[in-house]
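One structure below.
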Amino acid sequence: MMAMATMKNVTPLESEFPKSLSLYDWNLENVEESKKVAEALLPSGICSLNWSRTTIPEQANAQGLISLGMGDGTVEFWIPSFSAESGWTLEKVSSVSVSSSAVQSICSNCHNEGKQLCVGCNDGTVFLVELNDLHNPEVVALTKPGMNSEITQYV
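Here the sequence shown stands for residues 3 to 157, numbered as in my numbering.
Rendered as structure tokens:
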């Protein structure tokens, strides 16, 4: 499986095209046999994407967590699910504002079931996002704008 999303607008004409998050059943042996299995429309294009193996206890069919970094400084959280009856689905569960600058990178911590994300923004700020409650993520600033990646605290 592969997740793909439309990037943020680079030229004025791109704002006319719909933005989406798509899941593909990707065939590495014959790419032509690959097919889109789920799609959700987005309000705008993304800057970054991370698909982690995060455990979602209340959703038995969940296949991890997709985090989308947006141009307005928010991170959106989507749950890809699979069941024999419904096939693949995508559900947006929440979002959190981390900065006023675009979210350029997202990395999940694989040592704690993906319950923490490190988020880097265009202005040089870095944030830790705690996902113990997916509907109310907690954001902790690790740097401030202009600090040139000097870490101010460890969590």
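The beta carbon of each residue, even a glycine, is placed where N, CA and C say it ideally should be.
All values derive from a computational prediction rather than experimental measurement.
For residue i, the first and last residue of its enclosing beta strand (DSSP E)
| i | result |
| --- | --- |
| Trp-28 | Unbroken run through Trp-28: none, as it is neither H nor E. |
| Pro-82 | 76 to 85 |
| Met-4 | 4 to 7 |
| Lys-117 | From DSSP, Lys-117 is part of no beta strand (DSSP E); its letter is neither H nor E. |
| Val-100 | Unbroken run through Val-100: none, as it is neither H nor E. |
| Glu-43 | Before going further, note that residue 43 is Leu rather than Glu in the sequence given. From DSSP, the beta strand (DSSP E) with Leu-43 extends over 37 to 44. |
Own chain partners of residue i with C-beta closer than 8 Å, once the 5 adjacent residues on each side are dropped
| i | result |
| --- | --- |
| Thr-13 | Any reading at Thr-13 must be qualified, since the residue scores a pLDDT of 49, below 50, and its modelled position is unreliable; no value is offered. |
| Leu-133 | Thr-56, Leu-67, Phe-79, Gly-116, Lys-117, Gln-118, Leu-119, Pro-139 |
| Asn-111 | Lys-117, Gln-118, Leu-119, Cys-120 |
Spatial neighbours of residue i in its chain, beta-carbon cut-off 6 Å, leaving aside the 5 residues before and after
| i | result |
| --- | --- |
| Asn-124 | Ser-103, Ala-104, Gln-106 |
| Tyr-26 | Met-4, Ser-36, Lys-38 |
| Tyr-156 | Residue confidence is low: Tyr-156 scores 44 on pLDDT, short of 50, so the model does not pin down where it sits. Its coordinate-derived value is still stated next. Nothing meets the Cβ criterion. |
| Gly-122 | Gln-106, Ser-107, Val-128 |
| Ser-24 | Met-6, Lys-38, Glu-41 |
Beta bridge counterpart(s) of residue i as assigned by DSSP
| i | result |
| --- | --- |
| Leu-51 | Leu-70 |
| Val-128 | Gly-122 |
| Lys-21 | Leu-44 |
Contacts around residue i, its chain only, beta-carbon distance under 7 Å, and the 5 residues preceding and following it disregarded
| i | result |
| --- | --- |
| Thr-217 | Residue coverage of the chain in this structure runs from 3 to 157, which leaves residue 217 outside it and unanswerable. |
| Met-72 | Ser-46, Ile-48, Cys-49, Glu-78, Val-105 |
Short Cβ contact (8 Å threshold) for residue i with residue j
| i | j | result |
| --- | --- | --- |
| Ser-96 | Thr-76 | no |
| Ile-81 | Ala-62 | no |
| Leu-43 | Ser-69 | no |
Do the segment 44 to 64 and the segment 106 to 115 touch if we need at least three Cβ pairs shorter than 8 Å? Remark: three or more beta-carbon pairs, one from each stretch, lie closer than 8 Å, so the segment 44 to 64 and the segment 106 to 115 are flagged as touching.
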